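Shown next, in structure tokens, is the structure this report addresses.
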Amino acid sequence: MKMIYILAKAGGKWHPDAEDIKSARRSLIKMIPECTVEFLTIMVRFQAASREDIEELICLIRRSSRVAMLFP
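For the sequence shown, the numbering used here begins at 9 and goes up steadily by one.
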């Protein structure tokens, strides 16, 4: 997560395609919920991903994981 933070802070952007979003979702679901929240917070804070991509990722996570309790 530290590397993602460093890249995002330096202006790095994540431009995922549909498969990248699915892969990220699978990875985030395997992590503890706090890591998922941290990843999303970094993406939003540094505008490292588009709002649409973040919303799509959140929707997929909410439907399929224990992280759903953190996103009512």
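All C-beta atoms in this analysis are idealised placements derived from N, C-alpha and C, irrespective of residue type, glycine included.
What you are looking at is a predicted structure, and each value in this text was computed from that prediction instead of being measured.
Across the structure, I37 and I12 are spaced so that their CA atoms are roughly 17 Å apart. For A57, the three-state secondary structure derived from DSSP is strand. With a beta-carbon spacing of about 10 Å, I69 and R34 fall beyond the 8 Å limit used to define contacts.
Spatial neighbours of V52 in its own chain (CB-CB distance under 8 Å, excluding positions within 5 residues in sequence) are listed in chain order as I62.
Our two residues, M39 and I50, have alpha carbons roughly 16 Å apart in a direct line.
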